[in-house]
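Heads up, the thing below is written out as structure tokens.
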Ligand code: BTN
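Laid out in structure tokens, this is it:
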């Protein structure tokens, strides 16, 4: 692993992607930033983080043989890697909210932004951006957000957490070949937020509906058992 530490950058994902196109970077090149000026979140949102308080970093992964159709396995490996690190710290009521938010109870503590570079039918490279709320104590009154310090009452070393997550990720990616993916999906599903609990969703037309989360499809869609007992699959834009 090569670790590049920056004091400030727009976004570690953007920085790593630019660098990757200009230099021949090795697998598990990591860029961490003390502060991000334009941190990116999922679906075009911003990711805000107090400078120096939290982990904001990106990892370059060059998988050998993950097919584009199986790319959700990357989300699974990243979510499980963070889950493993946080469960060792005994973060209470830890869950993975599909597709890849890490929750403690009803509060989000970590967000993940994966940007894949494709080459034909395969993933050529993946920029995995992770924002983990660590030592920040206030979140501008944002609801349902927390940090490790708020949850566990102590201060954490950012680099130690980063190393633990990257080590776990290496281990999980090493077990993500085609024959091993089923087990990773099963493990991921056992940790899903609100699995088998009655939940309310909002669809693309802003209509609310009720259903039970049952798991994820091989393509990474969320499987919801509807009130009429029919199992339907949704992608992120649909729910
Ligand atoms: C989300 O939950 O919306 C995803 C948030 C991802 C944030 C991280 S912070 C490090 C990396 N660089 C970015 O610009 N975004 C990701």
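In full-length UniProt numbering, the protein residues as written are 1 to 239.
Ideal Cβ positions, reconstructed from N, Cα and C, are used throughout, including at glycine.
Residues bridged to residue i (per DSSP)
i: residue 139; result: DSSP output for residue 139 lists no bridge partner at all.
i: residue 9; result: 36
i: residue 4; result: 31
i: residue 97; result: 101
i: residue 107; result: 104
Expected contact under 8 angstroms - CB spacing of residue i and residue j to nearest Å
i: residue 187; j: residue 214; result: Contact flag wrong, Cβ pair sits at about 16 angstroms.
i: residue 110; j: residue 169; result: Residue 110 to residue 169, Cβ: 13 angstroms. No contact.
i: residue 61; j: residue 28; result: 7 angstroms
i: residue 149; j: residue 161; result: Actually they do not touch by this definition, with Cβ atoms about 12 angstroms apart.
i: residue 203; j: residue 209; result: 6 angstroms
i: residue 72; j: residue 219; result: 7 angstroms
i: residue 49; j: residue 127; result: Not really, about 18 angstroms apart at Cβ, beyond 8 angstroms.
i: residue 135; j: residue 155; result: 5 angstroms
i: residue 193; j: residue 96; result: 6 angstroms
Nearest candidate by alpha-carbon position, reference residue i, set the options
i: residue 159; options: 31, 222, 13, 22; result: 31
i: residue 152; options: 94, 114, 174; result: 94
i: residue 53; options: 237, 7, 86; result: 7
i: residue 51; options: 219, 35, 39; result: 35
i: residue 122; options: 67, 184, 96; result: 67
i: residue 81; options: 175, 216, 206, 157; result: 175
i: residue 87; options: 12, 164, 117, 58; result: 164
i: residue 226; options: 197, 205, 189, 11; result: 197
i: residue 120; options: 192, 44, 65; result: 65
i: residue 106; options: 156, 146, 166; result: 146
Query raised in the report: Which ranges does the beta strand (DSSP E) cover as unbroken runs of at least 3 residues, wholly within the region 112-178, from first to last along the chain?
Result: 122-132
- Message: Threshold first: 4 residues or longer. Then list the alpha helix (DSSP H) segments lying entirely within the region 16-48, N to C.
- Response: none
Exercise. Let me know the beta strand (DSSP E) ranges lying completely inside the region 178-235, each 3 residues or longer, listed in chain order.
Key: 198-202, 208-216, 222-226, 231-234
Mind listing, in chain order, the residues whose beta carbon lies closer than 6 angstroms to a non-hydrogen atom of the ligand BTN? 11, 12, 13, 36, 39, 40, 41, 42, 45, 47, 56, 57, 58, 101, 111, 112, 113, 129, 130, 131
Which residue spans inside the region 44-75 form an unbroken beta strand (DSSP E) run of at least 3? 55-61
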